[in-house]
Structure formats: C-alpha cells, structure tokens
Amino acid sequence: MRAVRTVAFSVLCGFLWLAGIAGGQTTTTGQIAGIVRDPSGAVVSGATITASSQAGVDRGTVTDAGGRFTFSVLPPGSYRLVAKKSGFADTTAPAVVVRITETTNLEINLAVAVQTAVVEVHSEQAETPTHGTVIQQEQIRQLPLPTRNFQQLLALTPGTSGPVQNSSELGRGAAPIYVNGNRATSNSVVINGADANSIGTGSLPNLAIPATDTLQEFIVQTSQYDASQGRDSGGIVAAVTKSGTNDFHGNVYEFFRNTVLNANNFFLNRAGITRPPYQRNQFGATLGGPILKDKLWFFISYQGSREVNGTSLLNSVGTVFVPENLTNDRSDAGVDALAASYGLAPCVGTPTGLTFPPCFHPTAKFLLQAKLPNGGYVIPSAPHPVSVAAGSVPQPEATPVVGISRYTENQYNTNLDFQISQANRFSGKFFEADNPTLQALFNLFGLSNALPVPGFGGTADLNQRVLALDDTHVFSPNLVNDARFGLSIITTSSAPQEPFTSAQLGIYNPLGNLFSGMPEISVTNYFDVGANPFSDNNANEKTYTAVDTLSWQKGAHSLKFGAEYKHHDIYLKFNLYTRGQMFFLGLAQSPSPFAGNGFFDFLGGLYDLTGLTIMGSGVNNRDLSTHDWTGYVNDEWRLQNRLTLTLGLRYDFFGQFKDSDGRLVAIDPQKITTTPMAGFPAGDNVAITGGFVQAANAKNPLPDVPEIRSTLVSPNYSNFSPRIGFAFEAVPNRLMVRGGYGIYFDRANARLLNNQVLNFPYYTLAQTLETPISTPFVNVPQPSQFPLKFNDPAIFPYGGPPAFFTQAPSPVSPTGIAVVSANGIYPDIHNFRTPYTQQFSLGTQYAFGSSWMFDLSYVGSLGRKLYRLYDLNQAFAPVPFEPGAYSPGLSSLAVQGFGVHLMQSSSVSNYNSLQASVHKRMANGLQFLAAYTYSHWLDEYSGDPTGTSDVTVVPGNQQILNNYASSDFDRRHRFVFSGIYDLPSYKGTSALLKQAAAGWELASVITLQAGTPFSVLTNATAYVQARADYVPGCNASKSGSVKSRLGEYFNVNCFTPATAVGDFGNSGRNILRGPDQKNVDISIVKFFPIGDKRVEFRSEFFNAFNNVSFANPVNILASANVGQIVSTSTGPRVIQFALKFNF
214 MRAVRTVAFS
224 VLCGFLWLAG
234 IAGGQTTTTG
244 QIAGIVRDPS
254 GAVVSGATIT
264 ASSQAGVDRG
274 TVTDAGGRFT
284 FSVLPPGSYR
294 LVAKKSGFAD
304 TTAPAVVVRI
314 TETTNLEINL
324 AVAVQTAVVE
334 VHSEQAETPT
344 HGTVIQQEQI
354 RQLPLPTRNF
364 QQLLALTPGT
374 SGPVQNSSEL
384 GRGAAPIYVN
394 GNRATSNSVV
404 INGADANSIG
414 TGSLPNLAIP
424 ATDTLQEFIV
434 QTSQYDASQG
444 RDSGGIVAAV
454 TKSGTNDFHG
464 NVYEFFRNTV
474 LNANNFFLNR
484 AGITRPPYQR
494 NQFGATLGGP
504 ILKDKLWFFI
514 SYQGSREVNG
524 TSLLNSVGTV
534 FVPENLTNDR
544 SDAGVDALAA
554 SYGLAPCVGT
564 PTGLTFPPCF
574 HPTAKFLLQA
584 KLPNGGYVIP
594 SAPHPVSVAA
604 GSVPQPEATP
614 VVGISRYTEN
624 QYNTNLDFQI
634 SQANRFSGKF
644 FEADNPTLQA
654 LFNLFGLSNA
664 LPVPGFGGTA
674 DLNQRVLALD
684 DTHVFSPNLV
694 NDARFGLSII
704 TTSSAPQEPF
714 TSAQLGIYNP
724 LGNLFSGMPE
734 ISVTNYFDVG
744 ANPFSDNNAN
754 EKTYTAVDTL
764 SWQKGAHSLK
774 FGAEYKHHDI
784 YLKFNLYTRG
794 QMFFLGLAQS
804 PSPFAGNGFF
814 DFLGGLYDLT
824 GLTIMGSGVN
834 NRDLSTHDWT
844 GYVNDEWRLQ
854 NRLTLTLGLR
864 YDFFGQFKDS
874 DGRLVAIDPQ
884 KITTTPMAGF
894 PAGDNVAITG
904 GFVQAANAKN
914 PLPDVPEIRS
924 TLVSPNYSNF
934 SPRIGFAFEA
944 VPNRLMVRGG
954 YGIYFDRANA
964 RLLNNQVLNF
974 PYYTLAQTLE
984 TPISTPFVNV
994 PQPSQFPLKF
1004 NDPAIFPYGG
1014 PPAFFTQAPS
1024 PVSPTGIAVV
1034 SANGIYPDIH
1044 NFRTPYTQQF
1054 SLGTQYAFGS
1064 SWMFDLSYVG
1074 SLGRKLYRLY
1084 DLNQAFAPVP
1094 FEPGAYSPGL
1104 SSLAVQGFGV
1114 HLMQSSSVSN
1124 YNSLQASVHK
1134 RMANGLQFLA
1144 AYTYSHWLDE
1154 YSGDPTGTSD
1164 VTVVPGNQQI
1174 LNNYASSDFD
1184 RRHRFVFSGI
1194 YDLPSYKGTS
1204 ALLKQAAAGW
1214 ELASVITLQA
1224 GTPFSVLTNA
1234 TAYVQARADY
1244 VPGCNASKSG
1254 SVKSRLGEYF
1264 NVNCFTPATA
1274 VGDFGNSGRN
1284 ILRGPDQKNV
1294 DISIVKFFPI
1304 GDKRVEFRSE
1314 FFNAFNNVSF
1324 ANPVNILASA
1334 NVGQIVSTST
1344 GPRVIQFALK
1354 FNF
C-alpha cells in the first residue's frame, strides 16, 4: 500500500512540475482577458492596461507580443479599464463586469489620437467547456424566491431537477436538487471560498444560508468544471457575500406573510378544514462602506425570521387513515361502540398476555380518548363519518391532519477587506445563522414516521458558523497567489415532543428511567402515534480548510496550480429507538372478516406471530475524524484566437473516518465460520458465525475479535481526475462549439457511517414477538451491558454463539426468510471505494442580436462505484416459537431497514440529456433565461443507502440488475423560465402619471416538469415491502386528467400481492409515473426614488394561479386506499408583501 501511495504522489508531483504553475480564477474570484488591436485589426503589443474598482482594486499590466492581456484573481464586481499606447487615444471601458469563476473577454480597438475610441465586450464564457450559470445581484434581489433561499435559484439552470420549490415550507425550505444524474448529496456548497458542506449528512437542507440581500453573486456549475473544482460529482454552488466600497451603502427591509392572504390546501379544503395559520416575518438590515478610504472597508448585516406555519407539507400537513365510523364521541360508550363494530367487547381488567378471543384493549382505548394540549384528539376523527351496517367492515378514510410548526432565525455577517498594498489584499468574512425549529410532524433528512399524527413532533435546531480568510498577493501582472483558510461549524440537535409516557399507557419500558416517553405505535396503513424513533439526537461537525492557488499567465497559457487540505471532526449522539416502536401489521390470525386489518389488531392489542416490537439500547455516541488533501493543475491554452483547450489533472485523497475510542466494527465475509447449533430442528441447525472485525484503536477491545485498521476500510489512493475540454469560435463573436470530458469523484459523507451507531455489539435493535402489549420490551439489554459479549447466555438464550446466517431452509420460512428481522449495516471492507462519475458534453452557443444567447448541448454522465446495500444473508428467526426471545440485531431480511447488510460501492447510474436554453442579458429593460431539459436517468439505487429503499426488494443479490430502471428522481421533461422586466416609463406630459407609471418591475419564475416514477408494492409477507406481481396483458395506466383519477390513479387490478413466502414480486421497478408539476411565481415591484436613495414595495405571488400539483398515489396493495391520491406535492397560493429602503 505504501508503494501505491508513493507512486500516486510521484505522478502528481511530476505532472505539476511539467505543467509549471497555474492561474485564472477561483470560487471567489474571476478574471478579465482581452486583446488589443489597432484600426487595421493588427494586434498591439506594449499597450498599458489598468483595471480599477470601487472596492479598491487597482491593477496594471502590459500587452504581450500577441496583443493579449489578463487580470487574474479579481474579486467580483464592476471594473473600469483604460488602455494607453503612444500614438493612440486613451480607450476606456467604463463598466466591465467580473463574475466569480468566469472569464470576461474583451476586444479593445485603439483609435488614432483624433478619433473616438471603441471597446467591444464579448460574451463572458467563450473560452471554457464549463456548463453553469452565474446568478447576479439583480436576479438574487428581484426574482421571487419561495422561502428567500438563494439555493432555490439553482433549479433555474439546465440539467438540474427536483420538486417545485414550495413557498409554504417551513423556514429555509428543504427541496433537494439533482444535477445531471447525480444524487442530491453529491452537490457542494462554497461560501466566500470556504467549504460550507455538511460532512455529516451531505445534504443542502442541513445548511444555513446567507440572506439574499448580503450576496454579491453566486454561480452554479453543473458540468465540465475544470480541475480546480471538485470534492463532489454533482453541482458546485459558489456564493460570495458583499464587500464594502468607498461609499456607504445598505438597506433595511421586512417581508411579511399572513394567513388571510393565502389559499387553502386542496385536501384540507375538501375535508372542510379551514386554512391553517401561516404567519411569517423576515426582517433585516445591511450596511457597507469605508473605514479608511481606499484602504479598509466593512460590510455587516442582520436578518431575523419569525414563522408560525400550519401549511408545510413536510412538517405540518399530513394524511392518515382512520375508520370511516370514528367520530368525536370519545366517551366510554362511544369508543365501546366503535370497538363493537369490529366485534370486540371491552376487556375485563388489564390483560397481561395475549388474549384469545381478543377484546378491546385498555391501551387502545386510552389512545382513542386521549387529547393533546391543544384540545384535539390524538387519533383524529374521520372527516365525513358514516354509520357502518352490522357485519360490515369499517373502511379506512383518508384524513388530513394539521400541526403547527414554528421557525426562528437570527443570522449575522461581518466582512472586512483590507488593501494592504497595491500588490496585497486581505479579506475576512464571518457568517453565523441560528435556527431553532419546532416541527409538528418530525422529518429529519427524510426520516419520518410513515403516517404521523400531530402532537408528537420535535425540535430540530441548527447553528452554522462559517469563517473565511483570504489573502491575494500580486507578484507581477502575470503571477498572482491566492491563499485561503476556512472553518465551518455545524451544530444540530433534536428532541421529541412527548405528551404521554409509557407508564400512562400501561406499557413497561425497561429504559424508562432514562427515556420515559411512550413508544411509537404504528398501525399499518392507518396511522403512527408517538415520537419518531430518530427524533432524539445531536451532532457537532467542524471542517477546517486551507487552500493555496497560484496563477501564472504565460503567453497563450493560463495556468492554475492548487493544493488543499481539510480536516473533519464529527461528534454524534443518537438515542435511536430508545422509547421503542410497536407495529400492528394487520397480519394476526384475526377472525373473519377482520383478517389483515391493522386497526382491528390495534383495538385488540394483537401481536400473534406477526406482531413486532423494536427497542434500541447501547453505546449511542461516536467521535469521528478524518482528513482530505487535494492537488491539481489546470491550463487554459489558447492555441489561436478562436480555439482554447482546457487541460487539467486533479488528485483527491479522501480519508476514511475513525472513532476516537475505536467503537467501530465490521463483518468480514472471509472470516465467517460454520458452527452446529443445538436445540434447532434437523436441517436448520447449522449457523454461520464469526466474521466480526474491530478497529485497531479500540480502547476496550472485544475479546476474540480480530483487529484491523482504525478506519475499518482502506482509503483510495487512485482518485486521479483528468479533465479535458475545448471551445472553438466557429463564427467570430457568434457561434461557439464546445465540449469536454472529465472524471469527478464524490466525497462520502459521514451519514453513510451513522448506521455504525446502531450496529452490534455496541448497539442493538432488540426485536421481540408474541409479547403482551403491557410488556413488549422485556428482554432488552441495559446500556450498561454494552458492548455485548458473544458468549453471554443472558443475552443469547439459546446457549451458543450468535447465529447470523442460515445455510438451510427454516421450517418456519422455507426459503430461509426470517419471521423476525433485525438491523445491521456494516461497511464492506473489501469493496468500499470512492464513487465517481464520468461526465461528457458537446454543444453549441450562438449569440445573436446585442444581448441574446442560444445554447444547445448534449450532456451525459455515467456513475460508477456508487454506494448500495448488499444483503449478506436472509436468515431464520434466531429463536423460533419462543415468546419474548431477543433477536440480536444481526440477522434477517434485507428490507425495511433490517437484515445484515454490507454497504459497498458497486452500483451504477446512467444519465443522458438534451439541454437547451435561451438567455437574454439585460437590455431595453428585459432579461430572462428559458431552459429546457429532456433527460433520462437510470440507476439501480437512487439515494445514499442510509436506510433502505425499494431497491432492496430483491430475493438475491445476483438480481440487482432487476432494479436497473428509471431513477426515483427521473423527470423526463423540465422547462423553467425566469425573467425580469422593467416596465417602460410614461412618455406623456402629466407629472402625476409619470410618477405613478414610473419605476415598475415585473419578475416571474415558471416551472413545468414531468412527474417522478414509482413502483407498486405489497406488504403481504411479514415485514416485507416486496413489489407486487403484475397481471399479464393488463394495462396499468389510466387516461383522463389527474383530478378525475384521484380515486384510482392507476389500474390497481393489474397487480396482485406477492403472497408466497420469498416472493418479491415480478413487476418492474418504477414502471408507473406520477403527476406532472406546474407552478408560476410572480413578483410586482414599485420603486420610489428619494434623491440617491430608493424605497421599494414588493408584492409576490407564489403559485400565483393556485394550481394544484398532486403527489404520487398510495402504492401499497395492502392499503384499502391503494391507487388513491391523498396529498399534494406543492402548497397553495401564498402572497407576500415587502418593504425595502435602499441607500
């Protein structure tokens, strides 16, 4: 391994030495490149060029023999360029705009001393193959943003996709963005040059974001970015906050939303539920200016948010299912009558065990009668209750539920820029945001209860601080160095709402002295009562970054050389499943006609052989750390005035995480042994045991368990990323042809290792079956017993080593599928590599008129070594037929988060797209970007395997190719229009009309996109969400409008349950597609000038025409509501007013 590292380092160093040193622009700067000509068109050498800005930048250079000049590493903004040459008139370009990561190209035509000088500025991105969009201050300020989150502007760019940004979402909003066939966790965010990503989750919703009024500009790079950019394979978002200038500038503002201005949710309105409350106040101020003129500048800002939200589709509005005859009469007589409709009489006393025939259990009665602090019932009533005839089975009715969420934010920016000398500039920028949140329906990174009722939400607090220090030194006009240091600190914590305790429900929790709240009670296909088992945790992560970039302009070569080092620290503490989880699966041997009815099982407290409880216990914290380092070279080589090549090589070393106390374990399949197991039937008494390995730095090592490296898995030393691209100006100043190819590695986040907290022997999810409802968790080990010892008979009652795998069919499950399931996700130490994508593109840009650009490109990507879960076994129940037996969290089926899985890098994806856009730069008061993407994204596994998904529904690992289909996030068609129009002024003579008609601006964002695909599932096999069987020759699609198909969106008769044990269904993955999404946001702005100041009044209309975009239908065959659409994917119309004072 040392040899591999030596070769890798030597190759990189050699390449850097051969290439020389490098230059151009960084994630916080841009550059100006140009050529100077005389009146005959000949190039002019020796001309003096100066560039200056209001922010105090003042540079000078001289054109070379080819008449070329370059200003590298310039802060973004407007620059004044002056060209001087003896015998010619001085020529001025008064407003040359520099954008981050881009090159602004100029052609300066010198005139003889008695004539007028002319400067022509060409399109900014004429020399690189990079696909991306710079979002400027005007767009950031004026386009309607649903939650005033600048990340929502990412979706304007061709090649991006995701759900419509929802204006009713809580706080910043949390819609994911997918870029050119990459997972949502593959995007990278850079703020002021500092890495601001969450190494803990890799998700954009887990990031705080600077207020839009503090941003200078930002860029979205989606494909073919050069070797200076990396870390992830998706999009790169680089944002720069404002700096002060020699003049004082700032603003004061407030944005306001109120319930009475908004429309109601479609399904709430249909159920007769009035508009939930939604009040939002967002206010702030900015100020920037000089401390020492031409020397030292400052910029400061504050923004506060206060929000009460009952409309969020993620955190406030949900859908549950309740019996159609459940009313608000919750008296003893009322609920007894409800139970009687299911053939159940009240229990005599409190049952201490399983009761046959069943009776109306006191715990169910308590929850039916329980009220929340707001006076509402824990289990809501049917929206339109009806009587049920004797002998009939009450049907579940879709019931909208509403909880009130709250969001608070306080954020601050403090920026200083210091021009130490003409050759040296230093900046320091600090950003902090604190966001305490109460979620009525708890949802942490997609980890939510399936059918939650309000009242059991939780707090989810986020604090992020980003410090960025930057020193730019100009050694000569052609040699510039940029050194940066960054620190990002993200602190998250969450805690559940717990209005009831286990003791109140008569349920014994052996960890009740530590966690007194009631367990989550899940009634399959009906509702979930209780706190989310993931809602009690906290984390603190720190990322330190040091970067140095040296740029050198040498003739036709613009070279960049860079090196980067990062150190990551993450502290995690997860109290997972510590209150327990209980399932009423509707699979008990219930009397006809109630067989398969989960609500009947709930009323009777039935577990039978199919009842399941889960309780988590163990060592719940980890202290992880790792480091990365990167080196790269990049050359933009202008072979001739019309052809530029971009050549680069990047190397990334991504370290693996280790725990400070070595509390990491893995399973090595090569070390597994076969052991006879006494007490089991013949043919089922061979267990495969052993295989555990532990980290070498374990402070309390497990006996008889081999030790391997402290990180468990080896890092990769071969992450070389070549980048090559070209840009050819086929028609001068008109037609550009460009293309490229590159390899982009994807830095894994620690969320992939968070499952280690749940893994045996440091933690376990204890499973029990056939236990009475009053004592469901009787055999859970206490935290003091961890780490568990393999030979402890108190933990493993069958008297032998733990049996992890099966080699023979079980008499209970003939195919080897366990009746009892347990958790276990371990890194595959032999197949854990760095995922990467190969990206390639070919396209044209055509400039026409004075401000128009048309872009047509093919963009594709191939994902390789992507992470997925590999089912190591499908096991028998550890102790068949033994009531209350403890299942050690290691065995069973690879579905629903259970089983012994190896997380490995062996999945693939494939993305192909045609991307077209028309961009009109601001001219005559109008600017817009219209982008259309036609794409097809195929994969085997659509998300990072932090839990489970439909992809695990396969009977064997050899059949993973059966899951190669359209991605869960594939949207075949997507069109987005964003535009700003300054209405023309009144030309008449009336001063009153002139004042009334002047200063109006319209802006809009329009999104039209196809829906996402889905599979049809069945839960007929215990704990299995297998795909359904497809009826041959049947057409599952139905015609008609979506609204006309709300009761049956697809033909449910084309599918039958996969009822046989081991049958995972023969219908394909993602063979149906959900409804389209359409949305129009509009803003109307009136400006009132007051001298050199301005008052701005804004009216913004999100989902302006109140279009209803429906969510995908219920896709579980076992649900009585299969095929029905019961929720929307976007919120109703929301109106926002704002007042700003700019000075």
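214 is the number of the first residue of the sequence shown in our numbering; add one for each residue after it. By construction, the Cβ of each residue, glycine as well, lies at the ideal position given by its N, Cα and C atoms.
The alpha-carbon of Arg1346 is positioned some 6 Å away from that of Phe1315. Contact between Gly517 and Asn623 holds: their C-beta atoms lie close to 5 Å from each other, under 8 Å. Glu467: not part of any alpha helix (DSSP H); member of the beta strand (DSSP E) spanning His462 to Arg470, first to last residue. Note that the C-beta distance between Arg272 and Ala260 is not below 7 Å. Going by beta carbons, Gly406 and Thr627 fall outside the 7 Å limit. Per DSSP, Phe496 is one residue of the beta strand (DSSP E) stretching across Tyr491 to Leu505. If you draw a 10 Å sphere on the C-beta of Trp1065, you find fewer than 16 other C-beta atoms in it, and that means exposed. Taken in chain order, the complete alpha helix (DSSP H) segments of 4 or more residues contained in the stretch 1191-1245 are 1204-1210.
Rounded to whole angstroms, the Cβ separation of Gln1128 and Gly1192 is 19 Å, and the two are not in contact under 8 Å. With a 10 Å radius around the Cβ and a threshold of 16 neighbouring Cβ atoms, Ser1257 comes out exposed. The shortest CA-to-CA distance from Leu772 to any of Pro1048, Leu860, Asn810 and Tyr721 is the one to Leu860. From the listed residues Val1121, Leu557, Gly523 and Asn694, the smallest Cα separation to Phe812 is found for Leu557.
Judged by beta-carbon spacing, Phe1318 lies beyond the 7 Å limit of Leu1352, meaning their Cβ atoms are not closer than that value.
Per DSSP, the beta-bridge partners of Gly831 are Tyr976.
In the three-state reduction of the DSSP assignment, Ser997 falls in the helix class, which pools H, G and I. Annotation: Ile1042 to Ser927 spans about 7 Å, alpha carbon to alpha carbon. Ile353 carries a helical assignment under DSSP once its states are collapsed to helix, strand and coil. Straight-line measurement puts the Cα of Pro1270 at about 7 Å from the Cα of Leu1330.
At a Cβ-Cβ threshold of 7 Å, Pro489 and Val615 count as neighbours. Selection Asn810, Leu971, Arg1187 and Gln352 evaluated against Ile432 yields Gln352 as nearest (Cα-Cα). When DSSP states are grouped into helix, strand and coil, Arg1258 belongs to the helix group. For Pro914, the closest of Ala943, Leu1001 and Asn932 by C-alpha to C-alpha distance is Leu1001. One thing to note: Asp749 has its Cβ within 7 Å of the Cβ of Pro709. In this structure, Thr1231 lies near Ala1239, with their beta-carbon atoms less than 7 Å apart.
Beta bridge pairing from DSSP links Ala246 with Thr283 and Asn318. With a beta-carbon spacing of about 23 Å, Ala752 and Tyr778 fall beyond the 8 Å limit used to define contacts. When the alpha-carbon of Phe480 is set against those of Phe1356, Lys1078 and Ser1340, the nearest one is in Ser1340.
Under DSSP, Val561 forms no beta bridge with any residue.
In the three-state DSSP reduction, Ala388 falls in the coil class, being neither helix nor strand.
Leu971 and Gly938 have their C-alpha atoms spaced approximately 45 Å apart. DSSP, read as helix, strand or coil, puts Arg483 in helix. C-alpha of Gly448 to C-alpha of Ser436: approximately 7 Å in a straight line. Here the alpha carbon of Ala583 sits roughly 42 Å from the alpha carbon of Ile1284. Judged by beta-carbon spacing, Asp445 lies beyond the 7 Å limit of Thr499, meaning their Cβ atoms are not closer than that value.
For Pro575, the enclosing alpha helix (DSSP H) begins and ends at Pro575 to Gln582. According to the DSSP assignment, Ser715 belongs to no beta strand (DSSP E) but to the alpha helix (DSSP H) extending over Ser715 to Leu718.
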